[in-house]
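Visitor: Okay, here's the structure, questions in a sec.
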Amino acid sequence: IFTSGTTGEPKGVILTHVNFLCQLPSLRERIPLNPGDRALCVLPVWHSFERMCEYVILDRAGGIIYSKPIGSILLADFVSMNPTLMPSVPRIWESVYDGIYRAMRKKGGVSLVLFSFFVSVAIAYGRCSRSVLGNKPVFSRVRRWTDAFLCVIPWLLLFPLRALGDLLVFKKIRAKLGTRFIEGVSGGGALPPNIDEFFWSVGVRVFEGYGLTETAPVVAVRPFTKPVFGTIGTPLDCCEVRIVDTEGRELPPGQKGCVLVRGKNVMKGYYRKQELTDKVLSPDGWFNTGDIGLKTLNGEIILRGRMKDTIVLRGGENIEPVPIEMKLNESRYISTSVVLGQDQRYLGALIVVNRDELLAWAAENALDTADFSRLLEEPQVLKLYEGEINELICGKNGFRLFERINRFELLEKPFEQGVELSAKQEIMRYKLEEIYTRQIRKLFS
4 IFTSGTTGEP
14 KGVILTHVNF
24 LCQLPSLRER
34 IPLNPGDRAL
44 CVLPVWHSFE
54 RMCEYVILDR
64 AGGIIYSKPI
74 GSILLADFVS
84 MNPTLMPSVP
94 RIWESVYDGI
104 YRAMRKKGGV
114 SLVLFSFFVS
124 VAIAYGRCSR
134 SVLGNKPVFS
144 RVRRWTDAFL
154 CVIPWLLLFP
164 LRALGDLLVF
174 KKIRAKLGTR
184 FIEGVSGGGA
194 LPPNIDEFFW
204 SVGVRVFEGY
214 GLTETAPVVA
224 VRPFTKPVFG
234 TIGTPLDCCE
244 VRIVDTEGRE
254 LPPGQKGCVL
264 VRGKNVMKGY
274 YRKQELTDKV
284 LSPDGWFNTG
294 DIGLKTLNGE
304 IILRGRMKDT
314 IVLRGGENIE
324 PVPIEMKLNE
334 SRYISTSVVL
344 GQDQRYLGAL
354 IVVNRDELLA
364 WAAENALDTA
374 DFSRLLEEPQ
384 VLKLYEGEIN
394 ELICGKNGFR
404 LFERINRFEL
414 LEKPFEQGVE
424 LSAKQEIMRY
434 KLEEIYTRQI
444 RKLFS
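In the numbering used here, the protein residues as written are 4 to 448.
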């Protein structure tokens, strides 16, 4: 299978029958399905993630329904086909999330106020619940029990409000996904924490998995029975994972390093590229994923970005752009963001605006919306985005001074598959410098 090529020329990954089959026993336990269950599928069938999901479904005598990742078609198929689950990439879950918020803002009035209030309550309840029940990452046994003790009373007090919110609001949201929907599976990229938390809060379970084409593709996935929020779960039984430093030494829980994988699911190598194979696959079978991550005390894995995505500023500061981009994308006015700054003095960002939200804001503020390109240059609009960026990327959200965004450029056109996005809807960073040369030069001039 040839990779999408987010970092350059696609590579042919040699996978065997065993690479795929060895994962099924673990996946049967983590993704519970029954004969007759149906999956709504929107990804190309040649993707290793989609292919493995289909093997899991067929293994349990389930059915597969093919749809399209287009909002109106997808939602109509949810209602008419009544699926049990949907495997998809994070961008699809983001579009469902945006669609829900857009519909609620369109309703406005009491509906919007109730929705916003009960979502806030449900998020707070979910955080307390995870602390009490132990469904959150653990790095200290003492801290775990302290958190649980402090959250018991708020958890009990919030329960009636959460139940009321479910009755008045969340039940109607879930109805849009049909009457049988149990879970979603997200893979092929990191699921933004705010999207993850929202769906769990409204009662839609989305299980995040992790893998690569080179691991056929699953390495880990959150289990259905006791999922630990904020992690991708523990490794499957067919493989093992190590977190190592730059010298190859294994790191203890809580320390960030490079993710290595070894097991029956790891590829044979790259097709006719022995030199490249030797770079990522050690003689004793450890595959270097190029991902940055850490482990909890219980062995769950948390991802923190890509080694190749790491930005090094002129001052020597190492910065992972993905957490910053995820935070920026929480803004209702931002569709997609890309953080840049390699070998520069500061960070800059390309911001793809959320056209519908910006037009609604502009109309409320009596701005001329006839020429959208011109609208993006309006001082009020630039001030709006500057305020959003500064509010999200700040000390109170855990960002250091050198991780702040000093300059940004607004882009009006959404990223397209085959141009800025790979087939898996991942941003091909290496292409951005060619496409947006003028804007990037402006960021750092």
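Using N, Cα and C, we set each Cβ at its ideal position, and we do this for glycine too. Since the structure is predicted, the reported quantities are computational estimates derived from the model, not experimental observations.
(1) Mind pulling the beta strand (DSSP E) runs of 3 or more residues that sit fully within the segment 341-422?
(2) Within the same chain, show all residues whose beta-carbon is closer than 8 Å to that of Trp96, passing over the 5 residues directly before and after it, in chain order.
(3) Which whole-angstrom value describes the C-beta separation of Pro326 and Gly308, a residue pair presumed to lie in contact below a C-beta threshold of 8 Å?
(4) Can you find at least 3 beta carbon pairs, one from the segment 343-350 and one from the segment 362-378, that sit closer than 8 Å?
(5) Judging by CA-CA distance, which residue of Asp312, Arg317, Met329 is the nearest neighbour of Glu323?
(6) Sort out for me which residues DSSP pairs Lys298 with in a bridge.
(7) So within the segment 121-154, which uninterrupted beta strand (DSSP E) runs reach at least 3 residues, ignoring any that extend past its ends?
(8) Whether or not the segment 163-180 and the segment 332-340 are in contact is what I'm after, with contact meaning three or more pairs of Cβ atoms, one per stretch, closer than 8 Å; do they touch?
(9) Taking Glu243 as part of the alpha helix (DSSP H), name the residues at either end of that continuous run.
(10) Suppose contacts are defined by Cβ-Cβ distances below 8 Å. Is Phe136 in contact with Ile235 by that definition?
(11) Give, in chain order, every unbroken run of the beta strand (DSSP E) that is at least 3 residues long and sits entirely within the segment 9-74.
(12) Please look up how many angstroms separate the CB atoms of Val3 and Lys71, rounded, as I've assumed it's under 8 Å.
(13) Please name the residue in Ile4, Cys25, Leu30 whose C-alpha comes closest to that of Val48.
(14) Under three-state DSSP, which class holds Tyr213?
(15) Based on Cα-Cα distance, which residue from Arg41, Phe162, Leu61, Cys261 lies nearest to Lys298?
(16) In this structure, how does DSSP classify Leu77 when only helix, strand and coil are distinguished?
(17) Quick check on Gln26: buried or exposed, where buried means 16 or more other Cβ atoms within 10 Å of its Cβ?
(18) Among Asp150, Ile73, Arg441, Arg407, whose alpha-carbon lies nearest the alpha-carbon of Leu413?
(19) Helix, strand or coil for Leu316? Go by DSSP, reduced to three states.
Guide: Answer, in terms of the structure:
(1) Whole beta strand (DSSP E) segments, 3+ residues: 350-356, 408-414.
(2) For the purposes of this step, residue 96 is identified with residue 93 of the sequence shown, where counting begins at 1. These residues qualify, in order along the chain: Gly187, Ser189, Leu194, Ile198, Phe202, Val209.
(3) Your numbering for residue 326 matches position 323 in the sequence shown. Your numbering for residue 308 matches position 305 in the sequence shown. The Cβ separation is near 7 Å, so the contact holds.
(4) no
(5) Sequence index remark: in the sequence shown, residue 323 carries index 320 (1-based). Checking every option, the nearest Cα to that of Glu323 belongs to Asp312.
(6) Locating residue 298 in the sequence shown gives position 295, counting from the first residue. Answer is Ile304.
(7) The segment 121-154 is shown to contain no whole beta strand (DSSP E) run of 3 or more residues.
(8) no
(9) The count along the sequence shown starts at 1 and reaches residue 243 at position 240. If you look at Glu243, you'll find it isn't in any alpha helix (DSSP H); it sits in the beta strand (DSSP E) that goes 242-247.
(10) Translated into positions along the sequence shown, residue 136 becomes position 133. Translated into positions along the sequence shown, residue 235 becomes position 232. It should be noted that the sequence gives Leu, not Phe, for residue 136. It is not a contact, given that the beta carbons lie outside the stated cut-off.
(11) 41-44, 66-69
(12) Since the first residue shown for the chain is 4 and the last is 448, residue 3 is missing from the structure and cannot be characterised.
(13) On the sequence shown, position 45 is the one that residue 48 refers to. With distances taken between Cα atoms, Val48 lies closest to Ile4.
(14) Looking up residue 213 in the sequence shown gives position 210. Strand.
(15) Your numbering for residue 298 matches position 295 in the sequence shown. Taking each of Arg41, Phe162, Leu61, Cys261 in turn and checking the Cα distance to Lys298, the smallest one comes out for Cys261.
(16) Along the sequence shown, read from residue 1 onward, the residue named residue 77 stands at position 74. In this structure, Leu77 counts as helix in the three-state DSSP scheme.
(17) Along the sequence shown, one-based indexing puts residue 26 at 23. Counting of Cβ neighbours within 10 angstroms places Gln26 among the buried residues, the total reaching 16 or more.
(18) Working through the sequence shown from its first residue, we reach residue 413 at position 410. Ranking the options by Cα distance to Leu413, first place goes to Arg441.
(19) Locating residue 316 in the sequence shown gives position 313, counting from the first residue. Note: Leu316 maps to coil in three-state DSSP.
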